[in-house]
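Chains as they are written, first to last, in this note's numbering: chain A, 11 to 277; chain B, 1063 to 1397.
All residues carry an ideal CB built from backbone N, CA and C; glycine is no exception.
Bear in mind the structure is a predicted one, so any value in this text is a computation, not a measurement.
What follows is a set of notes on a single structure, which appears directly below.
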């Protein structure tokens, strides 16, 4: 069985600016894989490369052994669903209509949904707890509701690989945990492979099975949370002092940021 | 049960029925009213009795008013659909073939064709199509690479392209003394009075396939509305779909312009009206714009024929008087 995602010597540039430099990683099937790293370290670009949205200068991304470029857009969308960082929210489609768009790679061009599609949409909305909002227009949703709607759309696509770009970024703590729990449930109960970009190191430590720490388009470290989230590596990647101890909930690291006033007088 | 709660198929049926009724009423009105007065009984008799060749009213209705109403319907449907597609593709509610300069470009092409003495088809139509594609590409090139100020710059580019096209048209008209161009100014304002039955039937063969292509792309249009990246993630070949839509839309708009001149704002008024009523789903909006846009221009043409006590005014006067204020309203709301 080939891995869900295999990135081989990937090199991506925007203009002259290299974003990913000779990056190679492997995401096993059924993993909860979280990509962390400072701003402009290439996290989003890596995710977009996995979704077939950027053309690499060199190297390639394989999805279950098949290069991404070999799939038709439709075939890829049946395998890989993406929850992007920014979504259009000003078009007054109803929640149900937005979730049903997830059926697009499965229905014909004329695009009238069958009862089966409606069932799947309802099931996805129930799973992410937005079924009661089915008729609500998109612009009237709160941030947390919107994120759950977009995730429901991704589930409705029936993918085997789910890519998420900072899904918890704009949410309050309760919604953050809610979204992460949903992802863990999808991964454990349905065997989905989840790849997520996150800025929240503690959420990454608690939920991620494997982490990838990126800096300037290169791997700093990849592996289990305890191997990646050490203060040496984090200071090297982020350039700021952090405190790492053990999370009181269990055997995962806990990261504490250190304000300047705790650092003591300058030498 | 509320409108949005109905299944899509049911809503589609309602749109088809109501739109069909609206179109039938508009056609009946457009064919019965005019400078030759007649009672509704006489009109009805003449409408139903196609065969009677001696009856003057029957002749007027079927030889003069019918081709004209049919042309108005086709042009109205085309321009409405064109506006709808441009608004979705450019994600800009103010886009419309007239405002983007696409209509102006086809007019320049068409006039060049007329001056060169080409046949209406394929010569003039082909030049009109080339003209529309050129202006569209020009507008897109001017506005590409600045996603932030896109709304404003798109309009500015359209205004400039339009101004340039108008200047070229007036220039061309000024340097020739060709009798064929005597009513060119009327045509510039949009004029349906030159419709000949055989040309109109001809138009149908080209427009209906275009309508069908756009109808088949209703769901992709919905996806494009959600942004190109999202559309891609939902399995749409964004580049190919956009290209098909741009070419097909330019083609049908330029064909309409060849026949009717520059009828403005139809592509703005009609899609917005239906979006308010039906919501953003293109699977409903496309049939609604075809039927409703056709009806709208038939009625506008009727007003332009009946309102003046002597002669008639270009239909573009009516559509602009309805459309321009609406455009300003939308512009103010979009800020």
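Check                                                                                                                                    : Outcome
Residue from 225(A), 178(A), 81(A), 109(A) whose Cα sits closest to the Cα of residue 47(A)                                              : 225(A)
Test: residue 1210(B) CB closer than 9 angstroms to a CB of chain A                                                                      : Since pLDDT at residue 1210(B) reaches only 40, below the 50 mark, its modelled position is unreliable, and the value read off the structure follows with that caveat. Answer no: the Cβ-Cβ gap between residue 1210(B) and chain A never drops below 9 angstroms.
Beta-carbon neighbours of residue 170(A), restricted to chain B and to distances below 7 angstroms                                       : Those within 7 angstroms of residue 170(A) in chain B number zero; the least Cβ separation is about 14 angstroms.
Residue interval of the beta strand (DSSP E) (run including residue 9(A))                                                                : Because chain A in this structure spans residues 11 to 277, residue 9(A) falls outside the shown range and cannot be described.
Members of the segment 140 to 155 of chain A that neighbour chain B once the beta carbon cut-off is set at 7 angstroms                   : 145
Residues that residue 76(A) bridges to, as DSSP identifies them                                                                          : 73(A)
Which listed residue (274(A), 21(A), 70(A)) has its alpha carbon closest to that of residue 52(A)                                        : 21(A)
Nearest-angstrom beta carbon gap, residue 1381(B) and residue 1175(B) [assumed within contact, 8 angstroms]                              : That pair is no contact at about 25 angstroms.
Residues of its chain near residue 1394(B), where Cβ-Cβ distance is below 7 angstroms and the 5 sequence neighbours each way are ignored : none
Residue 49(A), buried or exposed, once every other Cβ within 10 Å from all chains shown has been counted against 16                      : exposed
Contiguous alpha helix (DSSP H) assignments of at least 4 residues, all confined to the segment 1306 to 1366 of chain B                  : 1328 to 1340
Same chain, Cβ closer than 7 angstroms to residue 58(A), five either side skipped, listed in chain order                                 : 64
Under the three-state DSSP convention, the category residue 208(A) falls into                                                            : coil
Close-in-space but distant-in-sequence residues of the same chain around residue 1357(B) (CB under 6 angstroms, 5 per side omitted)      : 1084, 1085, 1088
Under 7 angstroms from the C-beta of residue 196(A): neighbouring residues of chain B                                                    : Residues of chain B passing the Cβ test: none, with the nearest at roughly 17 angstroms.
Residue 1378(B), DSSP secondary structure in three states                                                                                : helix
Proximity to residue 56(A) [Cα-Cα], best of 218(A), 206(A), 135(A)                                                                       : 206(A)
Beta carbon proximity, residue 174(A) to chain B, threshold 9 angstroms                                                                  : no
Residues of its chain near residue 102(A), where Cβ-Cβ distance is below 8 angstroms and the 5 sequence neighbours each way are ignored  : 147, 148, 149
C-beta neighbour in chain A for residue 1291(B), strict 9 angstroms                                                                      : yes
9 angstroms Cβ cutoff, residue 76(A) in contact with chain B                                                                             : no
Residues of the segment 47 to 61 of chain A with Cβ closer than 9 angstroms to any Cβ of chain B, in chain order                         : 58, 61
Cβ-Cβ distance between residue 1328(B) and residue 1145(B) below 9 angstroms                                                             : yes
Contact set between residue 26(A) and chain B, taken where Cβ atoms lie within less than 7 angstroms                                     : Going along chain B, no residue has its Cβ under 7 angstroms from residue 26(A), so there is no contact; the nearest lies around 16 angstroms.
Residues of its chain near residue 237(A), where Cβ-Cβ distance is below 7 angstroms and the 5 sequence neighbours each way are ignored  : 231
Residues in the segment 1087 to 1098 of chain B having any Cβ partner in chain A nearer than 8 angstroms                                 : none
Local conformation of residue 1129(B) per DSSP, three classes                                                                            : helix
Residue 123(A) at chain B interface by Cβ criterion, 9 angstroms                                                                         : yes
Closest residue to residue 139(A) among 13(A), 117(A), 109(A), 35(A) (Cα-Cα distance)                                                    : 109(A)
Burial state of residue 182(A), where buried means 16 or more other Cβ atoms lie within 10 Å                                             : exposed
Reduced DSSP category for residue 203(A) - H, G, I as helix; E, B as strand; rest coil                                                   : strand
Beta carbon of residue 1316(B) nearer than 9 angstroms to that of residue 1142(B)                                                        : no
Where residue 91(A) falls: helix, strand or coil (DSSP)                                                                                  : strand
Cβ shell of residue 245(A) (< 8 angstroms), same chain only, five flanking positions each side left out                                  : 251, 252
Neighbour-count burial assignment, residue 1323(B), 16 or more Cβ in a 10 Å radius                                                       : buried
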